[in-house]
DNA sequence: CATGTTTGTAAGTGTGCACTCACAAACAAA
DNA sequence: TTTGTTTGTGAGTGCACACTTACAAACATG
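Residue numbers (the numbering used here), protein chains in the order written: chain A, 2 to 181; chain B, 2 to 181.
Next up, the structure:
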């Protein structure tokens, strides 16, 4: 007995976010998650209720980290105006997704929303983030919508690798996006 | 001998876009595509070079249809200003993705961009659409960027089913989006 | 030390699916 | 009719992977 089950769960969830982010739910065997976490496949199945339960729990962990980062970013805002707070939140988010795992996991989760449990987890994640942005920044609906629209644009930029494309259309899409 | 191979390929590609759109590349067996197209699995493998070749070809067909719709929409613009042309393009796109297959296929394609051939197909698709939007509307980089940012926001709205969520945050994200 | 509980694994089992091959039927041209 | 080509399929093959089971070792408690 080396570690408690609860501590293992945390380790496994961190590994799961990273590993699922690359190839998605259906293409990643749980052996890959187990290997990344340094334990056996069988134990992962004991810690979580099936591959789907693991993925849904990883989605929860992913959105937890995003929400925490945005909340912390809001604290560092230069002023109290909606614009300044939204800008600080955007900056904190840009820093967070520099390693791409959290961003790619969101893309993977949105791709398997035909599974109801995943759809609910995605809704719950955005519910938490969006309600916080809305209430903390005191921003208008249009400002909140724009905040998330440009967040989703980052998904395209990263998945399609547009930072590496020097053509005019790609530069237009990536202009001003903070270091993805 | 009932049909030519080329005509079959078109039938299969239409079926492929619809079927892959639901569950994505890895979760849909090519038997499902074959069944939707009304032919045997073995013949699909003869018509396309493996499941990946089928998916990449379907991506091409998907972006072809999007580009055609946007080009046709631009022709129906009320005036010559960038704003009017972009609005007409947006309206044409909104109509096109009412059935959701083309939108969901894009989401699925972006989720498997870890496969280089898919990443290149996605880039090629957006290259075609974005260069057309940029040159036809004579819009600024910022306008083009905004056009695609709100297009990507539609991906979130549809995959998470936000039209069905009556809460304040969800109404903010879906406000003004044309009938998804 | 004895007994119980929790952590951990090795070694299966069954199934779904990508891909192949041998073969058949429709059509064309001689 | 014969020969060749294209369209089409049924019946496999082999492998990857989700999930289980039986078992072992670490720790706690009396």
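Cβ atoms here follow ideal geometry from the backbone N, Cα and C, with glycine treated the same way.
Let me make sure I understand the geometry here. Which of the options has the alpha-carbon closest to that of residue i?
i              : options                        : result
residue 71(A)  : 41(A), 23(A), 5(A), 152(A)     : 152(A)
residue 74(A)  : 147(A), 133(A), 102(A), 150(A) : 133(A)
residue 102(B) : 149(B), 49(B), 118(B), 62(B)   : 62(B)
residue 174(A) : 148(B), 117(B), 27(B), 156(B)  : 148(B)
residue 19(A)  : 34(A), 155(A), 11(A)           : 34(A)
residue 16(B)  : 5(B), 176(B), 32(B), 136(B)    : 32(B)
residue 52(A)  : 96(A), 136(A), 13(A)           : 13(A)
residue 82(B)  : 135(B), 114(B), 64(B), 107(B)  : 135(B)
residue 110(A) : 60(A), 69(A), 11(A)            : 60(A)
residue 66(A)  : 80(A), 112(A), 95(A), 115(A)   : 95(A)
residue 23(B)  : 76(B), 46(B), 106(B), 68(B)    : 106(B)
residue 46(A)  : 68(A), 76(A), 115(A), 6(A)     : 6(A)
residue 48(A)  : 64(A), 4(A), 123(A)            : 4(A)
residue 131(A) : 169(B), 97(B), 116(B), 131(B)  : 169(B)
residue 115(A) : 116(B), 108(B), 117(B)         : 108(B)
residue 123(B) : 68(B), 11(B), 30(B), 176(B)    : 68(B)
Against chain A, does residue i count as a neighbour if the rule is that its beta carbon must be under 9 Å from one of theirs?
i              : result
residue 65(B)  : no
residue 23(B)  : yes
residue 115(B) : yes
residue 4(B)   : no
residue 44(B)  : no
residue 168(B) : yes
residue 56(B)  : no
residue 151(B) : yes
residue 26(B)  : yes
residue 142(B) : yes
residue 127(B) : yes
residue 123(B) : yes
residue 174(B) : yes
Would residue i count as contacting chain B if we go by Cβ distances under 9 Å?
i              : result
residue 16(A)  : no
residue 132(A) : yes
residue 1(A)   : Shown here, chain A extends from 2 to 181; a query on residue 1(A) therefore has no answer.
residue 108(A) : yes
residue 20(A)  : no
residue 163(A) : yes
residue 180(A) : no
residue 53(A)  : no
residue 177(A) : yes
residue 145(A) : yes
residue 34(A)  : no
Please go through the same chain and pick out, in chain order, the residues whose beta-carbon is closer than 7 Å to the beta-carbon of residue i, but skip the five residues on each side of it.
i              : result
residue 92(B)  : 74, 179
residue 171(B) : 163
residue 80(B)  : none
Are the beta-carbon atoms belonging to residue i and residue j less than 9 Å from one another?
i              : j              : result
residue 25(B)  : residue 27(A)  : yes
residue 104(A) : residue 159(A) : yes
residue 120(B) : residue 154(A) : no
residue 99(B)  : residue 90(B)  : no
For residue i, collect the residues of the same chain with a Cβ closer than 8 Å to its Cβ; drop the 5 residues on either side in sequence, then sort them by chain order.
i             : result
residue 44(A) : 9, 35
residue 29(B) : 20, 21, 23
Looking only at its chain, what residues have a beta carbon closer than 6 Å to the beta carbon of residue i, apart from the 5 residues adjacent to it on each side?
i              : result
residue 113(A) : 26, 119
ask   = Touching or not, the segment 36-46 of chain B and the segment 56-64 of chain B, by the rule of three or more beta carbon pairs under 8 Å?
value = Verdict: no, contact absent.
query = Just checking, does the segment 74-92 of chain B make contact with the segment 130-146 of chain B on the three C-beta pairs under 8 Å criterion?
reply = yes
key: Segment contact flag, the segment 152-165 of chain A with the segment 120-135 of chain B, C-beta cutoff 8 Å, min 3 pairs   = yes
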